[in-house]
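K.L.:
Okay, here's the structure, questions in a sec.
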Amino acid sequence: MNKTEKKIANLMIPGDLFHPGEHLKEEIAARDMSQQELADKLHVSKSEISLIINGRRNITPIIAVKLEKSLGINAEFWMNIQIKYDIDLVKKKYQQDLQKAKIPLVKKGNMKKLISAA
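If you count by this note's numbering, then the sequence shown holds residues 14 to 131, one letter each, in order.
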C-alpha cells in the first residue's frame, strides 16, 4: 500500500462517534426544553426520547419528520446525521480491515463509468 492509499484508508476511519441523540440533547437544552416537553410535541413517550438521547434508539424517518415539524430542523438533517453515525460505527468496527485494504484511486469522472458498468 502506498502512502496515498494508506492516507485515504485512515481518512475513512472515524475518530469519536456521536450518536444523533447527543445532537438532539444539545438542541433541546439550547431551547430550555425538557425531554417530556419534546415528547409531548412529537406525540411519543418520554422514554422514547430518552432512548434516543442516550444512544439506545436511532432516529427513524418518522421521528425525523416529527422533529422537523416541532423544532424546525429539517428531517434530512436528522437522517443524514443518523446515517453518518451508522456508517462510522461500521467503519470503526472494521477499522483493522479498512487499514489493510488496498483502496484504488479513481480519477474524478470515472465514477460515472463505474456506475454504468455495474
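Backbone N, C-alpha and C define an ideal beta-carbon position, used for all residues, glycine too.
On a predicted model such as this, the values are computed, not experimentally measured, just so you know.
Can you give me the start and stop residues for the alpha helix (DSSP H) that K78 sits inside?
P.N.:
Sequence inspection shows Val at residue 78; the Lys mentioned does not correspond to that position. From DSSP, the alpha helix (DSSP H) with V78 extends over P74 to L84.
K.L.:
Run through DSSP, which three-state label would S63 get?
P.N.:
DSSP places S63 in helix when its eight states are reduced to three.
K.L.:
Where does F31 sit, in a helix, a strand or coil, going by DSSP?
P.N.:
In this structure, F31 counts as coil in the three-state DSSP scheme.
K.L.:
According to the Cβ coordinates, are K105 and L30 closer than 8 Å?
P.N.:
In this structure, L30 lies closer than 8 Å to K105 by Cβ.
K.L.:
When the Cα atoms are used, what is the spatial distance from E81 to D110?
P.N.:
About 37 Å.
K.L.:
Starting from the Cα of I62, find the closest Cα among A42, S83 and L37 and give me that residue.
P.N.:
Minimum Cα distance to I62 is reached at L37.
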